[in-house]
Amino acid sequence: RQFKQFTGLSLYQYIMKKRLTVSRNMLRNGSSVLDACFQCGFGDYSNYLKAFKREFGKTPSKYLKV
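Everything in the sequence shown is counted per my numbering, starting at 3 for the first residue and increasing by one.
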């Protein structure tokens, strides 16, 4: 409860946000989408895709094209 009170996020939400931010930075630095997905601890590409889109508003491949 103290963590949520301090950050405004549950521990799970904080960890997911951190993992997605790291994967976004990996994409910016030239990693492939699959590399970013699996190196950031996502075991399933479809879950990564949904989480990335929910967090950043676009899919990883569309994010790379911008």
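Beta carbons: idealized from backbone N, C-alpha and C, even for Gly.
For residue i, the three-state DSSP class (helix, strand or coil)
i     : result
ASN49 : helix
SER34 : coil
LEU71 : Because the chain is modelled from 3 through 68, residue 71 falls outside the range shown and cannot be assessed.
LYS60 : coil
ARG3  : coil
VAL24 : helix
PHE54 : helix
CYS42 : coil
Spatial distance of residue i from residue j (CA atoms)
i     : j     : result
TYR47 : CYS39 : 7 Å
PHE44 : TYR50 : 6 Å
ASN27 : ARG56 : 17 Å
Contacts around residue i, its chain only, beta-carbon distance under 8 Å, and the 5 residues preceding and following it disregarded
i     : result
LEU29 : VAL35, ALA38, PRO62, TYR65, LEU66
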